[in-house]
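One structure is given here, and the rest of the page talks about it.
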Amino acid sequence: MYEACFNNKFTNALVFYIFLLLLLLVSPFLVFWELIHTVRSCFRCSESMSGKVVLITGASSGLGELMAYEYAKRGAYLAIIAIKEPESRLEQVADRARELGSPDVLYMFADVSKVDECRMFVDNTVKHFGHLDHLVCNAGIGPLYSIRHEVTKFVPVMDINFWGSVYPTHFAIPHLMKTKGKIIVNASAAGVLHPPKGGFYNASKAALISFYESLRFEVSPTITITILTLGFIQTNFITAEYSTKGVGGRLRKDIKDVLPTMGVEPCTKAIVDGVCKGATSITEPRFMKALFLIKFLFPQLHSFYFNVGVPSKNRRLKRDE
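Per the numbering used here, residue 7 is the first one in the sequence shown, and the count goes up by one each step.
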């Protein structure tokens, strides 16, 4: 009955525009609904983190470090994970977290792309503290890709960004089931918007969104999954210096000098506040949600603002030597 609408080019397009028109007509009600939800969330009871155990990967710098501090201020026990590198600050992060109020901090060096090491740090956390309440999958890398680069050099992007979240999640689920805990995954707005030169980074984050949205149906409501779709946050991750490390292209200047960015501290506080109030998705800065809508409904406009907002002289990368 309905196949004829979709098999014909004209009627197929007509159905799309009818649905788009209906969406525009109801959009004021949807905006009002979103506003009510936002106001209600402000008055929602927040989970007390005192005595709770939080495991954070990628905690030696950037967002992971600041999230450790935010949880520490709330009295949580922490297990923080980072890969062992000469410049790693993981021990200093642990000391600072204790100063800010965490009763105990366990720090471990591990490579999240290795399944056995993920099993190890999850098991050690539960053995040390007795239980696990929040798993924060934050570890990730963000090399810039272009067709000039050797494609096989980007295998670690998927290994760390995707499998580096899936592995610890797999081992943590039985423990989180017991505590009715939470999984927080840093999936990034890049997984939705696909900014230029993102390539494999965008793909890895899109894979995270897809995996965890599907996982919800298996573990909800016992375990709450919070997917973070963050824009550009002022961490070392978006600096020209960071882009010179590892494989991929190199930025000529810091992203904050070219595009709108959000401070890491207000972002971190918004994340932990949202997680403790049971949010299932968090987007910061909030205006990124409007860009998601534009991406799917008006793809030509989406391409336009990336071309204008990221001028060609800033998109050009030094060739990887």
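Built from N, CA and C at the ideal position, the CB exists for glycine as well.
Bounding residues of the alpha helix (DSSP H) (the contiguous stretch that carries residue i)
i           : result
residue 223 : 206-225
residue 130 : 121-135
residue 83  : Counting along the chain, residue 83 falls outside any alpha helix (DSSP H), though it belongs to the beta strand (DSSP E) covering 83-88.
residue 163 : 161-164
residue 295 : 294-303
residue 95  : No alpha helix (DSSP H) contains residue 95, which DSSP labels as neither H nor E.
residue 79  : 68-79
residue 118 : Note, residue 118: premise wrong, no alpha helix (DSSP H); not H, not E.
C-alpha gap between residue i and residue j, whole angstroms
i           : j           : result
residue 89  : residue 283 : 31 Å
residue 239 : residue 68  : 9 Å
residue 186 : residue 80  : 19 Å
residue 227 : residue 15  : 42 Å
residue 21  : residue 220 : 28 Å
residue 166 : residue 232 : 19 Å
residue 23  : residue 92  : 57 Å
residue 105 : residue 270 : 20 Å
residue 324 : residue 203 : Confidence at residue 324 is low in this model, with a pLDDT of 42, below 50, so its placement is unreliable and the value that follows should be read with caution. Whole-angstrom Cα-Cα distance: 12 Å.
residue 120 : residue 52  : 35 Å
residue 64  : residue 100 : 13 Å
residue 98  : residue 31  : 54 Å
residue 207 : residue 147 : 8 Å
residue 279 : residue 306 : 35 Å
residue 43  : residue 34  : 14 Å
residue 302 : residue 116 : 38 Å
residue 136 : residue 102 : 23 Å
Reduced DSSP category for residue i - H, G, I as helix; E, B as strand; rest coil
i           : result
residue 235 : coil
residue 24  : helix
residue 322 : Here residue 322 scores only 48 on pLDDT, less than 50, and its place in the model should not be relied on; the value that follows carries that caveat. Residue state, collapsed to three classes: coil.
residue 48  : helix
residue 268 : strand
residue 189 : strand
residue 277 : helix
residue 155 : coil
residue 182 : helix
residue 60  : strand
residue 17  : helix
residue 409 : With the chain running from 7 to 327 in the structure shown, residue 409 is simply not present.
residue 175 : helix
Residue from the options whose Cα sits closest to the Cα of residue i
i           : options               : result
residue 55  : 92, 108 and 15        : 108
residue 293 : 199, 213, 106 and 279 : 199
residue 310 : 267, 285 and 201      : 201
residue 288 : 300, 213 and 189      : 189
residue 183 : 300, 285, 62 and 230  : 230
residue 266 : 58, 237 and 113       : 237
residue 192 : 145, 158 and 86       : 145
residue 94  : 113, 77, 78 and 76    : 113
residue 163 : 279, 302, 101 and 209 : 209
residue 122 : 98, 172 and 273       : 172
The beta strand (DSSP E) enclosing residue i, as first and last residue numbers
i           : result
residue 114 : 111-115
residue 285 : Segment: none, residue 285 is in no beta strand (DSSP E) and carries neither H nor E.
residue 141 : 140-143
Cut-off 6 Å between Cβ atoms - residues of its own chain near residue i, not counting five sequence neighbours on either side
i           : result
residue 276 : 290
residue 110 : 83
residue 85  : 61, 112 and 131
residue 96  : 66, 88 and 113
residue 45  : none
residue 170 : 118, 119 and 145
Any chain C beta carbon closer than 8 Å to residue i
i           : result
residue 139 : Here there is only one protein chain, and chain C is not present.
Cβ shell of residue i (< 8 Å), same chain only, five flanking positions each side left out
i           : result
residue 19  : none
residue 50  : 283 and 284
residue 177 : 124, 125, 128 and 129
residue 73  : 62, 65, 142, 144, 274, 277 and 278
Residues near residue i by beta carbon distance below 7 Å, same chain, minus five either side
i           : result
residue 297 : 199
residue 330 : Lying before the first or after the last residue shown, residue 330 is absent from the chain, which here runs from 7 to 327.
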